[in-house]
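Inspection log for the structure reproduced underneath, given as structure tokens.
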Amino acid sequence: MFFDHLPKSGYVCAHRGVRSLAPENTMLAAELALVLGADFWEMDVQRTSDGELVVFHDDDLGRTTDVSARPEFCERAPWPVHAFTLEELRSLDAGTWFAAQDPYGTIARGEVREADLGRMRGQRIPTLEETLAFIRRNDFPMNLEIKDLIHAPGDLSIVSQVLRKVREARAEDLVLISSFNHDYLAEMRRLAPEIPVAALVEERHPEDIEGYLRDLGAVGYHPDEAILDEDTVRRLAEAGIRVSPYTVNHMDRALSLLDAGCFAIITDYPQTLKSRLAGR
């Protein structure tokens, strides 16, 4: 089980891989999460028009690929992921944008290695199979977020599809399933009660957090850090709930939440948080 790999608390989760040093949700970002010592990493999965599962966060392709520069796709703006086939998605460059934009200023500060800069060009959108093979090969736990496919009829079927891929990769012990769509979590619990699930929330907490999570069968709680305070963390931790807020990029805030009892911190800067923790 996922938590057998992470038996205590105070862990660091690399958000979409180390997205401050590499293009998010690429294999390069995942590899850096492993190399730089993240305890586990988080990624997002959604479905293509031909029914395949890919690792991608946004609903559309414009921000993190070169789709807007591809003449054959110009009439398909705003380029929703679900309207593209796997072959079309795999033809896109999902890495060069990071080198060009330096979204976190890490390239300018000299924090990105030249070798990694060279690898960014041509990074592809990974398939779920690729990421599962990677975690199995490296024994590296993963928080797998199933994106809410509200645009797709029969969207609940993505849960069984994800589960099938996880089982084929023999990675059941390495995954924690999360989603903002809590129907997906309930379905995963029904299909595979041995795989833990975590509820993602934003804007506000459920009225009775403990009762809500208990009824859902969720052992993890992943709130937006903006709605979380240390007293709530302490209460939930005492109730045995593993709290992992996102996306905590201020290190003093991260350390305070960890001291209050958070299971993990989901951050774009796992390398910095691991360094701060090591220096304590």
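In this text, residue positions in the sequence shown follow the UniProt record's numbering: the first is 1, and each later residue adds one.
Note that beta-carbon positions come from the ideal geometry of N, C-alpha and C, so glycine has one too.
- Per DSSP, the beta-bridge partners of L53 are R47.
- Straight across, the Cα-Cα distance linking A77 with S68 is about 8 Å.
- Each residue's CA atom was taken as its position, placing I266 and V243 some 10 Å apart.
- F140 sits in coil when the DSSP states are folded into three classes, being neither helix nor strand.
- Counted as a single uninterrupted DSSP element, the beta strand (DSSP E) harbouring S179 occupies residues V175 to S179.
- In this structure, V18 keeps its C-beta atom at 7 Å or more from the C-beta atom of D39.
- The secondary-structure analysis by DSSP pairs W41 across a beta bridge with A14 and M142.
- Listed in chain order, the non-local C-beta contacts of E187 below 7 Å within the same chain comprise L156 and V159, local neighbours out to five positions each way being set aside.
- Closest in alpha carbon position to L61, among G37, G51, E42 and L86, is L86.
- Within its own chain, the residues whose Cβ lies closer than 6 Å to the Cβ of L163, once the five positions on either side in sequence are excluded, are L191 and A192, listed in chain order.
- Ranked by Cα distance from L228, the first of H182, A254, P71 and G217 is A254.
- At the C-beta level, A94 and T65 come within 7 Å of one another.
- Contact annotation, F2 with T48: C-beta distance approximately 26 Å; criterion of less than 8 Å not satisfied.
- In chain order, F180 and N181 place their CB closer than 6 Å to the CB of D148, counting only its own chain and leaving out the 5 sequence neighbours on each side.
- DSSP places A77 outside both helix and strand once states are collapsed to three, so it counts as coil.
- For the pair G220 and A198, the CB atoms are nearer than the 7 Å cut-off.
- In this structure R90 is not in contact with H57, their Cβ atoms being roughly 17 Å apart against a cut-off of 8 Å.
- Within the same chain, Cβ atoms closer than 7 Å to the Cβ of W79 are found at D60, L61, G62, V67 and F73, the five residues on either side in sequence being excluded.
- DSSP lists H222 as the beta-bridge partner residues of L200.
- Here R242 carries a strand assignment [DSSP, helix/strand/coil].
- Per the DSSP secondary-structure output, I195 pairs with nothing in a beta bridge.
- In the three-state scheme derived from DSSP, where H, G and I count as helix and E and B as strand, D155 is classed as coil.
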